[in-house]
Amino acid sequence: MIVPWGEEELVQGNEAIAMGAIASEIDLFAGYPITPSSEIAEILSRYLPALGKKWIQMEDEIASISAIIGGSLAGAKAMTATSGPGFSLMQEGLGYACMTEVPIVIVNVMRAGPSTGLPTQAAQGDVMQARWGTHGDHPVIAMVPCSVRECFDLTVRAFNLAECFRTPVLLLADEIVGHMRERIAFPGEDEVEIKCQPEPDVPIEWYEHYHPTASNVSPMARFGTGYRFHVTGLTHDAHGFPTRKVEEVMAKLGRLKHKITRRLDELEDVRLHGLEDSKVVIFAYGSVYRSALAAQQILAEEGMKVGVFRPVTIWPFPDVTAKKYLDDKEVVIVPELNQGQIIHEVERVTLDAVRIVPVQRIDGYQITPEQIVEQIGEVV
Amino acid sequence: MAEKAEAGTKPGKAPEEGAEKPLIRIYPEWCKGCGICVAFCPKQVLEMGEDQKAHVAHPERCIRCFLCARRCPDFAIALTDEEGRAVKKEGDDQ
Amino acid sequence: MMAVHLPYEHKYLRHKKKFPHVWCPGCGIGILMGSIIRAIIDLDWKKDDVVVSSGIGCTSRMPVYLDFNTLHTTHGRALAFSTGVKLANPTLKVITVMGDGDALAIGGNHIIHTARRNMDMTAIVVNNNNYGMTGGQFSPTTPEGARTSTTPYGMMEPNFDVCDLMSGAGATFVARGTVYHVMELDRIFKRAMEKKGFSVVEVLSPCPTSFGRANNQADPVDMMESLRDDTVTVKQATKMKQQDLEGKILRGIFRDVDVPEYLDRYEELCQRARERLEMNQ
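Residue numbers (the numbering used here), protein chains in the order written: chain A, 139 to 518; chain B, -8 to 85; chain C, 147 to 427.
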């Protein structure tokens, strides 16, 4: 009724994110107004009550992420949406959700920073914050949409991954993707698979909230279902009780790490274009990827073959695939709406022989295809 | 958990004659010797032992007001019935 | 030899957890934990329905000892977590325990908004006038002139009255008790928990190790005597002369009003939304 299944509509990115949340059977949205993500909260405030789901505007972003963690523990599929400044406030909560292995979705519609910056203009300046923003080592899953349709699809995938990996999942849109409108075809309802965290199937007395398993993810009970358990940000044992015993600490931290590093294939999501027979590759993500494709087109028409490599899942970084397709290249162009962030990952994984060339724009406007073409012209 | 319970007698001192069945149990493992129960028992039933633990010195004076059990921060005092089962304060559920 | 039986409150403690618990000798948090348990017993609440959450600090170590759904969150944010829990499953009975710093300093923004919203839950602010866990620093309730590890020359700043603050923020049930007056505390907790809406109870509690030692009251019994001698009930105060009330802290229920509860309002909102959307369809 609310999600226009199987229909073509002119839709804004933020609206597609809201529709993706509804399609994912979201139970609780808690957020705080911030440009350029407020439309997500506004749209959900119109539809969630009608669906009998919970919507709340909290007193700040710290309260927002705290509320969705609490909601998830009590059985709700929960999401919040914010932008840079709010995302900064959410970092402690993000770390808590990682440590306590609570599935939540956090949408960050990135705007030009730092600080108040250019609130209504786009940037990709929070990429490293998404990876290292909260203190301590912790798992991270982050995806970057480049279109309005992907805003819908990746929100659904974010909910699914959060449930399957029992961890927070980040959706790093930027102001351009969030605010632009595109005519998109919504998938049919049957084409969208909604996944849920499996219910525990052991008697109450045997239930361990962090039961060791091969996948490092165990079925998660929720408050009020008869499994009474303890949740704490303190390093804890399989029961969730605080511990400082070395082997239990190492087991917990290992679990948090390996739940991601041992399932990279399930998380990896890349788009590869013309990488086989090209010596120059454009490595781009998010809205910049669209300029990269246009630049590839311009150069193709001028008779020059250029490849494009795009990570949709940006964290964990696709080390193996990037190495495989970039190590035999002469030049990798890395256009970013920041002063160089993912470029360091590209440099880390590729051989020294590969020349990595940045194209950076931080004035709040999109990198144009011409800028990329011009940079390639200078280098080649 | 509390293995042994010290019932009605001071360490090293034989229980007085005619001491009724022990109705107050103090768990020395859990008692931290804060002294609150001893200080505020309205009938001075309890005393601090040399081991810095509370002990039942005069069980016969106990009026079963439950203040000691409820003011114990460490859940170390239980008032029991004849069979030793811990009981709630009568008239508690009014 | 008769078998040894535990106090009946023990049926609500987690036996996998190590007892004696972590709090210092004479600390009042254990006393009010017992009081919370007795209130839950009297209200006949089922263990599966009860959620006890907390922030960070000495008080925050309470939930782990309790055989309920328990949640030890981040410093100051327990009530925001509890709001999410209650929203997701309104049948849950949510109790949030916090220290004075956890609830009123870093948690100040959250407690006033949780009070304003009037969502059905109970907040317990254990006021021992300092941050015990981190070594006795001053908190928003530390009395003027008092010594703490961060006020070596005596507390310079004014403090605020928790109950006035909470009433001002719109809490529909506001009360103050002490761990000395434990029978009264049992009744206050029971009333606070069964009350529909946001209930907050400030509980004055001794901190012998940090605040006590810093203010030559290291002996738990001394601090308990202060709770006995420096507080009077609201009823007693009405019969006392003004100068006798000097320096006395009031105990009892200050506010107990009925205001539409958040989730009831939200149900009405859902109804309005359904009607509006059906009209548009």
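Even glycine gets a Cβ: it sits at the ideal position worked out from N, Cα and C. Since the model is a prediction, treat every value here as computed from it, not as a measurement.
Exercise for the section: Show which residues of chain C have a CB atom less than 8 Å away from the CB atom of lysine 192(A). Expected result: As a first step, residue 192(A) is located in the first sequence; it is residue number 54 there, counting from the start. Near lysine 192(A) (Cβ distances below 8 Å), the residues of chain C are Leu233, Ala234, Tyr412.
Problem - Selection of the segment 371 to 383 of chain A by Cβ proximity to chain C, strictly under 9 Å - result: Gly371, Leu372, His377, Gly378, Phe379, Pro380
Problem - Closer than 8 Å to chain C by CB, proline 64(B) - result: Indexing the second sequence from 1 puts residue 64(B) at position 73. Yes, proline 64(B) counts as interfacial toward chain C.
Exercise for the section: Taking arginine 76(B) as the reference, give the member of Lys157(C), Ala234(C), Asp368(C) with the closest Cα. Expected result: Locating residue 76(B) in the second sequence gives position 85, where the first residue counts as 1. Taking only the C-alpha atoms, the option nearest arginine 76(B) is Lys157(C).
Exercise for the section: Enumerate in chain order the residues of its own chain whose CB-to-CB distance from glycine 233(A) is below 7 Å, with the five nearest sequence positions on each side excluded. Expected result: Here the question's residue 233(A) lines up with position 95 in the first sequence. Counting only Cβ-Cβ distances below 7 Å, and skipping sequence neighbours, we find Thr272, His273, Gly274, His276.
Practice task
Give the residues of chain C in contact with isoleucine 54(B), contact being defined as C-beta atoms less than 9 Å apart.
Solution key: Residue mapping note: residue 54(B) aligns to position 63 of the second sequence, counting from 1. By Cβ distance, chain C contributes nothing, its closest Cβ being about 14 Å from isoleucine 54(B), past 9 Å.
Handout entry: Interface flag, isoleucine 15(B) vs chain C, CB-CB below 8 Å
Key = By one-based count along the second sequence, residue 15(B) stands at place 24. Closer than 8 Å: no.
Problem - Cα-Cα separation between lysine 383(A) and isoleucine 155(A), rounded to whole angstroms - result: Numbered from its first residue, the first sequence carries residue 383(A) at position 245. Numbered from its first residue, the first sequence carries residue 155(A) at position 17. Each residue's alpha carbon lies about 43 Å from the other.
Practice task
Helix, strand or coil for serine 200(C), going by three-state DSSP, please let me know.
Solution key: Taking the third sequence and counting its residues from 1, one reaches residue 200(C) at position 54. Three-state DSSP puts serine 200(C) in a strand.
Problem - Residues near isoleucine 206(A) by beta carbon distance below 7 Å, same chain, minus five either side - result: Working through the first sequence from its first residue, we reach residue 206(A) at position 68. Same-chain partners within the cutoff: Leu166, Ala168, Ala216, Met217, Thr218, Ile242.
Handout entry: C-beta neighbour in chain A for cysteine 416(C), strict 8 Å
Key = As a first step, residue 416(C) must be located in the third sequence, where it is residue number 270. Interface residue, yes.
Handout entry: Short-range partners of chain C found in the segment 267 to 282 of chain A, where Cβ spacing is below 7 Å
Key = none
Practice task
Determine the contact status of valine 469(A) and valine 517(A), defining contact as a CB-CB distance below 8 Å.
Solution key: Indexing the first sequence from 1 puts residue 469(A) at position 331. Indexing the first sequence from 1 puts residue 517(A) at position 379. Yes, the Cβ-Cβ distance between valine 469(A) and valine 517(A) is below 8 Å.
Exercise for the section: Could you please give me the residues that DSSP links to glutamine 283(C) through a beta bridge? Expected result: For the purposes of this step, residue 283(C) is taken as the residue at position 137 of the third sequence. Glutamine 283(C) is bridged to Tyr277(C).
Practice task
Could you tell me the distance, in whole angstroms, from the CA atom of lysine 164(C) to the CA atom of asparagine 274(C)?
Solution key: Working through the third sequence from its first residue, we reach residue 164(C) at position 18. Working through the third sequence from its first residue, we reach residue 274(C) at position 128. Roughly 24 Å between the two C-alpha positions.
Exercise for the section: Please classify alanine -2(B): does DSSP put it in a helix, a strand, or coil? Expected result: By one-based count along the second sequence, residue -2(B) stands at place 7. In this predicted model, alanine -2(B) has a pLDDT of only 40, less than 50, meaning its place in the structure is not dependable; the value taken from the coordinates is given anyway. Three-state result, alanine -2(B): coil.
Handout entry: Boundaries (first-last residue) of the alpha helix (DSSP H) holding valine 487(A)
Key = Residue mapping note: residue 487(A) aligns to position 349 of the first sequence, counting from 1. From DSSP, the alpha helix (DSSP H) with valine 487(A) extends over 480 to 487.
Exercise for the section: Label isoleucine 342(A) either buried or exposed according to how many other C-beta atoms from any shown protein chain fall within 10 Å of its C-beta, with 16 as the threshold for buried. Expected result: As a working mapping, residue 342(A) is identified with position 204 in the first sequence. Answer is exposed; the Cβ neighbour count stays below 16.
Exercise for the section: Give a yes or no on whether the C-beta atoms belonging to phenylalanine 325(C) and serine 351(C) are separated by under 8 Å. Expected result: Here residue 325(C) refers to the residue found at position 179 of the third sequence. Here residue 351(C) refers to the residue found at position 205 of the third sequence. Per the sequence shown, residue 325(C) should be read as valine rather than phenylalanine. In contact: valine 325(C) and serine 351(C) (Cβ atoms closer than 8 Å).
Practice task
Using a Cβ-Cβ cut-off of 8 Å, state whether glutamate 330(C) counts as contacting chain B.
Solution key: The sequence position of residue 330(C) within the third sequence is 184, counting from 1. It does not; no Cβ of chain B falls within 8 Å.
Problem - For cysteine 236(A) and glycine 213(A), the rounded distance between their alpha carbons - result: Translated into the one-based positions of the first sequence, residue 213(A) becomes position 75. Translated into the one-based positions of the first sequence, residue 236(A) becomes position 98. Straight-line Cα distance between these residues: approximately 17 Å.
Problem - Where glutamine 35(B) sits in the DSSP three-state scheme - result: As a position in the second sequence, residue 35(B) is number 44, starting the count at 1. It is coil, neither helix nor strand.
Problem - Cα-Cα separation between leucine 405(A) and glutamate 330(C), rounded to whole angstroms - result: Residue 405(A) sits at position 267 when you count from the first residue of the first sequence. Residue 330(C) sits at position 184 when you count from the first residue of the third sequence. Those two C-alpha atoms are separated by around 57 Å.
Practice task
Check whether the Cβ of lysine 23(B) lies closer than 8 Å to any Cβ atom in chain C.
Solution key: Counting from 1 along the second sequence, the entry for residue 23(B) is found at position 32. Yes, contact with chain C.
Practice task
Examine chain F for any beta-carbon lying closer than 8 Å to the beta-carbon of leucine 232(A), and answer yes or no.
Solution key: Of the chains in the structure shown, none is chain F; the protein chains are A, B and C.
Practice task
Using a Cβ cut-off of 7 Å, pull out every chain C residue sitting near lysine 79(B), in sequence order please.
Solution key: Residue mapping note: residue 79(B) aligns to position 88 of the second sequence, counting from 1. Those are Tyr154, listed as they occur along chain C.
Practice task
Since I believe glycine 180(C) is in contact with arginine 138(B) (beta carbons under 8 Å), could you give me their beta-carbon distance rounded to a whole number of angstroms?
Solution key: What is shown of chain B runs -8 to 85, which leaves residue 138(B) out entirely.
Exercise for the section: Could you check the C-alpha separation between leucine 423(C) and lysine 192(A) for me, to the nearest Å? Expected result: In the third sequence, residue 423(C) corresponds to position 277, counting from 1. In the first sequence, residue 192(A) corresponds to position 54, counting from 1. Cα-Cα distance, rounded: 16 Å.
Exercise for the section: Pull up the CB-CB distance for valine 369(A) and leucine 217(C), whole angstroms please, since I reckon it's below 8 Å. Expected result: The residue you call residue 369(A) lines up with position 231 of the first sequence. The residue you call residue 217(C) lines up with position 71 of the third sequence. The pair is a contact, with the Cβ atoms about 5 Å apart (cut-off 8 Å).
Practice task
Closer than 7 Å by beta-carbon distance: list the chain A residues that pair up with lysine 490(C), in chain order.
Solution key: Chain C is shown from 147 up to 427; residue 490(C) falls before or after that span and cannot be answered.
Handout entry: Within 8 Å of chain C by C-beta, residues of the segment 166 to 192 of chain A in sequence order
Key = Leu166, Ala168, Arg184, Tyr185, Pro187, Ala188, Gly190, Lys192
Problem - Inter-residue Cα distance where the pair is glutamate 386(A) and glutamate 20(B) - result: As a first step, residue 386(A) is located in the first sequence; it is residue number 248 there, counting from the start. As a first step, residue 20(B) is located in the second sequence; it is residue number 29 there, counting from the start. Taking the straight line joining both Cα atoms gives about 27 Å.
Practice task
Would you please verify whether the beta carbon of phenylalanine 165(C) is less than 8 Å from any beta carbon of chain B?
Solution key: Taking the third sequence and counting its residues from 1, the one referred to as residue 165(C) is at position 19. It does: the Cβ of phenylalanine 165(C) has a partner Cβ on chain B nearer than 8 Å.
Practice task
Return the residues of the segment 390 to 418 of chain A that lie within a Cβ-Cβ distance of less than 8 Å from chain C, sorted by chain order.
Solution key: none
Exercise for the section: Mind reading off the beta-carbon distance from arginine 249(A) to proline 257(A)? Whole number of angstroms is fine, and I expect it under 8 Å. Expected result: Taking the first residue of the first sequence as position 1, residue 249(A) is located at position 111. Taking the first residue of the first sequence as position 1, residue 257(A) is located at position 119. Sure, about 5 Å apart at Cβ, within 8 Å.
Practice task
Can you give me, in chain order, the residues of the segment 195 to 224 of chain A that have a beta carbon less than 9 Å from any beta carbon in chain C?
Solution key: Met196, Glu197, Asp198, Ile200, Ala201, Ser202, Ile203, Ser204, Ala205, Ile206, Ile207, Gly208, Gly209, Ser210, Leu211, Ala212, Gly213, Ala214, Ala216
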